[in-house]
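Report on the following structure.
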Amino acid sequence: MMLWRSVVGKVWGTILLLVSVVLVILTILLLQFFEQFHITEAEEQLTNHANAIVSVLEEYERPPESLDTVEKIAGSYNTSVVIMQNDEKWESEKNDEADVHLPLSLFEEDERLTSVQEERAEIITHGDFPTEENGEEIHNEIFVVGMPFESINGEEGSLYLYQSLEIIEDTTGETKQIILLSAGIAIILTTVFAFFLSTRITAPLRKMRQLALNVSKGDFETRVPILTNDEIGQLGNAFNKMRRELNRSIMALNQEKEQLSRILSSMADGVITIDRKGAIVVTNPPAHRFLQAYYYDSGIADANDRLPKEVKKLFQKVVAIEQEQLTEMDVQGRSYVVLMTPLYDGEFVRGVVAVIRDMTEERQHDKLRKDFIANVSHELRTPISMLQGYSEAIIDDIAGSEEEKKEIGQIIYDESLRMGRLVNELLDIARMEAGHIQLEKDWIDFHAFSDKIYKKFQGLARDAEVIMTLDKQGTQRLVYIDPDRIEQVMTNLVHNAIRHTSEHGTVKIIVITNQSGITVEIKDTGSGIPEEDLPNVFERFYKADKARTRENGGTGLGLAIAKNIVEAHDGEISAHSKWQEGTTFRFHLPKSAYDNQ
């Protein structure tokens, strides 16, 4: 079945069918022609024989006188002769080769033969002349020629010359065998030739079919060999040109697809492309993370790329009104803004594209800005109120004695110093966060530097009845840092440790210098920091113990400034604490920050 479905089978079958039809028609016509030819040939022969016998009979007065001659003529041509003259009837001797012998009565009774005697007409006929023998009817296929004649003495007679049709049929059969054999040989040769021709013609087509399959699998390098300049050769040239153009187009599409994929992958915002039916077509990594967070938050185990409810409602609205829409969502504690825009195919909306932006940091920055303004206002309001109140007390002469005036003046002086510190620290942290911090680095002996810090706070520790120790480790003593800024960091950390450590507690300063850089740890056994406050200790104005901090003159900016100074040295700072057990602040300045100086 596969052969007949192929081009080879179709071409082969078409040629074979066409030649077979022509040969069948030609065979039928040839068979009819030769059959008619043999009949016509037999008619001519019998007619000539009859004319010869009539010529012999007309030379004698009585038929018996010429019977020997007639017998010889009839025997030489395997024919039988019947002569009727007056009441006399004569027939030639039965010839075994003639294969048929008719009774004389048939020539007097059959209407097809009596016209010779009655009408003196010549007849040439053939057909079935049945006879009876032993009560059975026998059919005889006979070819008969009848001619009237007249002897020398003027007596009229009739001559019948007949022959069996089997002789003609035998000759026709031999001719038929020759024709059929020739037709069979012609069909066999045609079959072989047609198969060879169709195979040769379709070989380039089969080659192109295989190459087309290779092209469909992504192989664009193989080309069709051009062997001829006919239509098949032109088809091969067209195929090679199509292959090149297709390869060029696919490469361009792949490049555009790869470029688009890289753009989408590198985008900070999530992008989701949705078709008109609401099915997700394309997502980039941020959008995928957003969907996964939504599925987890909603408890959806088998998501099957379903859209979140809020996004789906927004999608339906965009498709309905064909306008850009915006919504906000909170997923897993993060704030997202979803902007959805319709995609057009001409004038028809074929889908939408949703851009998902994580606004968590912006919201936190807004909150920090508001908190910053509120905290600054709060921090400045207290000293300003105290300055205003005590100033009015002096103006109104409420303080009667010199002692009270000095006390009020001291309070005003302390509050002004506090305001100055607050303003200076605000300026410092503003410059640091804006990237305008300038470090005056120099090579210093960090062990000697740490001794200086230790001696600086010995008096404060002694007044607070806190035991302070210094532990110096390592031999790599020279470092390249900004000593004033690092002193500001250590001063802030040691001061905080002493302030938050109760009497008879301990504050330990550990300095480690080695090949990796500097590590400084300030450990105390103070009240510690609550676990919920620990992640926020480096934020501006954040105070775990607000009342105590204000009492001690803190502004809540020290740790934020320390963090910025350490990070400006490419270092890192961290805090570890347990409530009512103590706190450890650690900062590390890597050697890479000053290795190439």
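Numbering of the sequence shown is given in the working numbering, commencing with residue 81 and proceeding in unit increments. Cβ coordinates follow ideal geometry from the N, Cα and C atoms, glycine included.
* Asked: Is tryptophan 659 helix, strand or coil when you go by DSSP?
  -> Indexing the sequence shown from 1 puts residue 659 at position 579. Note: tryptophan 659 maps to coil in three-state DSSP.
* Work out the CA separation of lysine 486 and leucine 703 for me, nearest whole Å. => Outside the displayed span of the chain (81 to 677) sits residue 703, for which this structure offers no information.
* **proline 615 to valine 399 span [Cα, whole Å]** => Translated into the one-based positions of the sequence shown, residue 615 becomes position 535. Translated into the one-based positions of the sequence shown, residue 399 becomes position 319. Roughly 45 angstroms separates the two Cα atoms.
* Three-state secondary structure (DSSP) at aspartate 148? -> Reading the sequence shown from its first residue, position 68 is the one you call residue 148. Aspartate 148: helix per DSSP, three-state reduction.
* Taking only runs that begin and end inside the segment 421-469, name each unbroken beta strand (DSSP E) of 3 or more residues, in chain order. => 428-438
* To do: Can you have a look at asparagine 364 and say buried or exposed, based on whether 16 or more other CB atoms are within 10 angstroms of its CB?
  => For the purposes of this step, residue 364 is identified with residue 284 of the sequence shown, where counting begins at 1. By the neighbour-count rule (16 or more Cβ atoms within 10 Å), asparagine 364 is buried.
* Who are the Cβ neighbours of alanine 373 in its own chain at under 6 angstroms, not counting the five residues just before and after it? -> In the sequence shown, residue 373 corresponds to position 293, counting from 1. Correct list, in chain order: Val411 and Gln412.
* Asked: Is it buried or exposed for glutamine 538, if we count other Cβ within 10 angstroms and need 16 for buried?
  -> For the purposes of this step, residue 538 is taken as the residue at position 458 of the sequence shown. Classification for glutamine 538: exposed.
* Given glycine 651 as reference, the closest of Pro670, Val417 and Met420 once Cα atoms are compared -> Along the sequence shown, read from residue 1 onward, the residue named residue 651 stands at position 571. For glycine 651, the nearest C-alpha among the options comes from Pro670.
* In angstroms with no decimal places, state the Cα-to-Cα distance between valine 150 and arginine 200. => By one-based count along the sequence shown, residue 150 stands at place 70. By one-based count along the sequence shown, residue 200 stands at place 120. Their Cα atoms are separated by approximately 21 angstroms.
* Asked: Got a sec? Which residues, its chain only, sit under 6 angstroms from arginine 303 by beta carbon, not counting five neighbours each side?
  -> The residue given as residue 303 occupies position 223 in the sequence shown. Asn320, listed in sequence order.
* Asked: For tyrosine 560, which beta-bridge partners are listed by DSSP?
  -> Counting from one through the sequence shown, the residue named residue 560 turns up at place 480. DSSP, once it has assigned bridges, lists Trp523 as partnering tyrosine 560.
* **Residue closest to threonine 107, alpha-carbon to alpha-carbon, out of Thr586, Asp522, Ile258 and Lys397** => Translated into positions along the sequence shown, residue 107 becomes position 27. Among Thr586, Asp522, Ile258 and Lys397, the Cα nearest to that of threonine 107 belongs to Ile258.
* Cβ-based burial, tryptophan 92 [other Cβ within 10 Å; buried from 16] -> Within the sequence shown, residue 92 is the residue found at index 12, counting from 1. Classification for tryptophan 92: buried.
* Find out if the Cβ-Cβ distance for the pair valine 604, valine 587 is shorter than 7 angstroms. => Here residue 604 refers to the residue found at position 524 when the sequence shown is read from its first residue. Here residue 587 refers to the residue found at position 507 when the sequence shown is read from its first residue. Reading off the sequence shown, one finds aspartate at residue 604, where the question assumed valine. Contact flag set, yes.
* Check whether the Cβ atoms of isoleucine 354 and valine 432 lie closer than 7 angstroms to each other. => Taking the first residue of the sequence shown as 1, we reach residue 354 at position 274. Taking the first residue of the sequence shown as 1, we reach residue 432 at position 352. Yes, the pair counts as a contact, with Cβ atoms nearer than the cut-off.
* **Other residues of its chain near isoleucine 218: CB distance less than 6 angstroms, five sequence neighbours each side excluded** => Translated into positions along the sequence shown, residue 218 becomes position 138. Only Thr211 meet the Cβ criterion.
* Asked: Run through DSSP, which three-state label would arginine 498 get?
  -> Looking up residue 498 in the sequence shown gives position 418. Reduced to three states, the DSSP call for arginine 498 is helix.
* To do: Would you check if the segment 488-498 and the segment 466-478 touch, i.e. whether three or more CB-CB distances between them fall below 8 angstroms?
  => yes
* Asked: Closest to glutamate 221 by CA distance: which of Leu182, Lys532, Glu442 and Phe229 is it?
  -> Start at 1 with the first residue of the sequence shown, and residue 221 comes out as number 141. Of the candidates Leu182, Lys532, Glu442 and Phe229, the one whose C-alpha sits nearest the C-alpha of glutamate 221 is Leu182.
* **Neighbour-count burial assignment, valine 546, 16 or more Cβ in a 10 Å radius** => On the sequence shown, residue 546 is found 466 positions in, with the first residue counted as 1. Using a 10 angstroms sphere on the CB of valine 546, the tally of other CB atoms reaches 16 or more, which defines it as buried.
* **Straight-line Cα distance separating isoleucine 267 from methionine 322** => Stepping through the sequence shown from its first residue, residue 322 is reached at position 242. Stepping through the sequence shown from its first residue, residue 267 is reached at position 187. Approximately 41 angstroms between the Cα atoms of the pair.
* What residue range is occupied by the uninterrupted alpha helix (DSSP H) comprising glycine 638? -> Position 558 of the sequence shown, counting from 1, holds the residue named residue 638. Counting along the chain, the alpha helix (DSSP H) containing glycine 638 begins and ends at 638-648.
* Which stretch, first to last residue, makes up the beta strand (DSSP E) that contains glutamate 408? -> Within the sequence shown, residue 408 is the residue found at index 328, counting from 1. Where glutamate 408 is concerned, the enclosing beta strand (DSSP E) stretches over 405-411.
* To do: For my contact list, isoleucine 475 and isoleucine 524 are in at a C-beta cut-off of 8 angstroms; report their separation, rounded to the angstrom.
  => For the purposes of this step, residue 475 is taken as the residue at position 395 of the sequence shown. For the purposes of this step, residue 524 is taken as the residue at position 444 of the sequence shown. Actually they do not touch by this definition, with Cβ atoms about 50 angstroms apart.
* To do: Identify whether lysine 169 lies in helix, strand or coil by the three-state DSSP scheme.
  => The sequence position of residue 169 within the sequence shown is 89, counting from 1. In the structure shown, lysine 169 sits in a strand (DSSP, three-state: E or B).
* Which residues in the same chain have their Cβ closer than 8 angstroms to the Cβ of serine 345, if we skip the five residues on either side of it in sequence? -> Taking the sequence shown and counting its residues from 1, one reaches residue 345 at position 265. Around serine 345: Asn364 and Pro365.
* Report all residues from its chain with a CB closer than 6 angstroms to the CB of valine 600; omit the five preceding and five following residues, and keep chain order. => As a first step, residue 600 is located in the sequence shown; it is residue number 520 there, counting from the start. These residues qualify, in order along the chain: Val591 and Phe667.
* Express the C-alpha separation of valine 161 and threonine 255 in angstroms, rounding to a whole number. => Within the sequence shown, numbered from 1, the residue matching residue 255 stands at position 175. Within the sequence shown, numbered from 1, the residue matching residue 161 stands at position 81. Between the alpha carbons of threonine 255 and valine 161 lies a gap of roughly 28 angstroms.
* To the nearest angstrom, how far is it from the Cα of leucine 285 to the Cα of glycine 313? -> Position 205 of the sequence shown, counted from the start, is the residue given in the question as residue 285. Position 233 of the sequence shown, counted from the start, is the residue given in the question as residue 313. Going by the C-alpha atoms only, they are around 10 angstroms apart.
* Which one of Gln595, Asn594 and Ile653 has the shortest CA to CA distance from glutamate 619? -> Taking the first residue of the sequence shown as position 1, residue 619 is located at position 539. For glutamate 619, the closest of Gln595, Asn594 and Ile653 by C-alpha to C-alpha distance is Ile653.
* Unbroken alpha helix (DSSP H) runs of length 4 or more, entirely within the segment 526-612: which are they? -> Counting only unbroken stretches of 4 or more residues, the alpha helix (DSSP H) elements lying wholly within the segment 526-612 are 526-536, 538-543 and 563-579, in sequence order.
* Skipping 5 residues on each side, what residues in its chain have a beta carbon closer than 6 angstroms to that of arginine 711? -> With the chain covering only 81 through 677, there is no way to say anything about residue 711.
* To do: Could you check how far apart the C-beta atoms of glycine 606 and glycine 585 are, in whole angstroms? I think they sit under 8 angstroms.
  => Walking along the sequence shown from the start, residue 606 turns up at place 526. Walking along the sequence shown from the start, residue 585 turns up at place 505. So it is a contact: roughly 6 angstroms between Cβ atoms.
* **Residue span of the beta strand (DSSP E) that contains valine 38, given as start and end** => Nothing about residue 38 can be reported from this structure: the residues present for the chain run from 81 to 677 only.
* **Nearest to leucine 558 (by Cα), restricted to the options Leu103, Ser596 and Arg579** => Here the question's residue 558 lines up with position 478 in the sequence shown. Here the closest residue by C-alpha is Ser596.
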